[in-house]
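Residue 63 in UniProt numbering is what sits at position 63 of the sequence shown, and the numbering runs on without skipping anything. For every residue, glycine included, the Cβ atom is placed at its ideal position computed from N, Cα and C. Here's the structure, in structure tokens; my notes come after.
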Amino acid sequence: MHIRTRGPKLRWNFRKTWPLHLMLVPGIVFTIVFAYLPMAGIVMAFQDFKPWLGFTGSPWVGWDHFRYMFERPDSIQVIWNTLIIASLKIVFQLFAPFLFALLLNEIRVLGFKRAVQTLVYLPHFLSWVILGGILLDMLSPEAGLVNKALTAVGIEPIFFLGNGDWFRVTVVLSDVWKEFGFGTIVFLASLAGINPSLYEAAEVDGANRWKQTVHITIPALIPITIVLGTLSLGNILNAGFDQIFNLYNPLVYSKGDIIDTFVYRMAILNGEMSFGTAVGLFKSFVALVLIVISYRLAYKFANYKIF
């Protein structure tokens, strides 16, 4: 009786494809060095870390930094700021591309449609360093174009980046402006997958474009909307470090400081590395739990599955 083993077949496949495996090595080394080795720094969250003593010489303090985090009033405020800003971003980033894709789908002039698509994609490729400078100039209370326009129609100038409430509005709207064009790609891809015979049958039944949109287009987009919405729950504590860091200032710390910028100020500027690490570890743990929950929800309600 001949017993087939997978060993020789695997060795034969490896000899045939070893150049492809070799191409993976730089990526694996890069990931290990820059993604996994830095995780050893998590121990600082449980130590009173002193750089001159190192990981092995610094005294252990257990959960003290985590207890201290929940006792500080500014820590709680930072968590609330993060939740509010991130939640608003998720909601607007979900519905803005949805509505824009519906409107874009109604344009019948192909050249104009592609030109609009290109224009709204462009901000996605600009960094927040560049966009931050543009926004600082445009929203300046004295010389900004926006406030000049408001003054021209009799409205008092608004200190968009110096008032906490207006700062949140500015952060959310500017983030939507930067990303909604790129997010529209997903919805346009879903629209392209709708069977044209459905629209033809609706026209035969006398349905106009509005009824076709309500009864065919929108129901076809609901599954991908559920998937994007549930998966975005994993980013509920990611309010956007790059954006906030380039726009905020001490005047709006009470309404605009988020976990990531708080960790930066505590760990780098104030030298409280252990406390900053504890806050960052707390955020990562909550984000991991939310990602698992959102993945389960996406699988349950939209049959979305990666593995």
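The three-state secondary structure of residue 60, taken from DSSP, is strand.
Around the Cβ of residue 276, a 10 Å sphere holds 16 or more other Cβ atoms; the residue is buried. Taking 4 residues as the shortest admissible run, the region 3-71 contains the following complete alpha helix (DSSP H) segments, listed from N- to C-terminal end: 7-31, 54-57, 64-71.
In the three-state DSSP reduction, residue 203 falls in the helix class (H, G or I). Beta-carbon to beta-carbon, residue 220 and residue 45 are separated by about 46 Å, too far to satisfy the 8 Å threshold. Taking all protein chains shown into account, residue 65 has 16 or more neighbouring C-beta atoms within 10 Å of its C-beta and is therefore buried. Between the alpha carbons of residue 58 and residue 50 lies a distance of about 6 Å. Listed in chain order, the non-local C-beta contacts of residue 164 below 7 Å within the same chain comprise 252, 254, 255, 256, local neighbours out to five positions each way being set aside. Apart from the 5 residues on each side of it in sequence, residue 294 sits with its Cβ closer than 8 Å to the Cβ of 230, 231, 232, 233, 234 in its chain, given in chain order. In terms of Cα proximity to residue 160, the closest of 181, 136, 179, 209 is 136. The closest CA to that of residue 61, considering only 274, 36, 287, 286, is found on 274.
By the Cβ-count criterion, residue 300 is exposed, with fewer than 16 other Cβ atoms from all chains shown falling within 10 Å of its own Cβ. Contact between residue 131 and residue 178 holds, since their C-beta atoms are separated by about 6 Å, short of 8 Å. With a threshold of 16 other beta carbon atoms within 10 Å, residue 69 meets it and is buried. As the crow flies, the alpha-carbon of residue 204 is around 10 Å from that of residue 198.
Where residue 94 is concerned, the enclosing alpha helix (DSSP H) starts and stops at 73-105. DSSP, read as helix, strand or coil, puts residue 182 in helix. Distances from the CA of residue 105 to each of 216, 33, 36 were compared; the closest alpha carbon is that of 216. Exclusion of the five residues before and after residue 291 leaves 234 as the residues of its chain whose Cβ lies within less than 6 Å of its Cβ. Less than 8 Å separates the beta-carbon of residue 258 from that of residue 81. Rounded to whole angstroms, the separation of the alpha carbons of residue 176 and residue 92 is 7 Å. With fewer than 16 other Cβ atoms from the protein chains shown falling within 10 Å of its own Cβ, residue 55 counts as exposed. The distance from the Cβ of residue 244 to that of residue 169 is about 14 Å, inconsistent with a contact at the 8 Å cut-off. Here DSSP, grouped into helix, strand and coil, assigns residue 250 to helix.
In the structure shown, residue 147 adopts helical secondary structure according to DSSP, grouped into three states.
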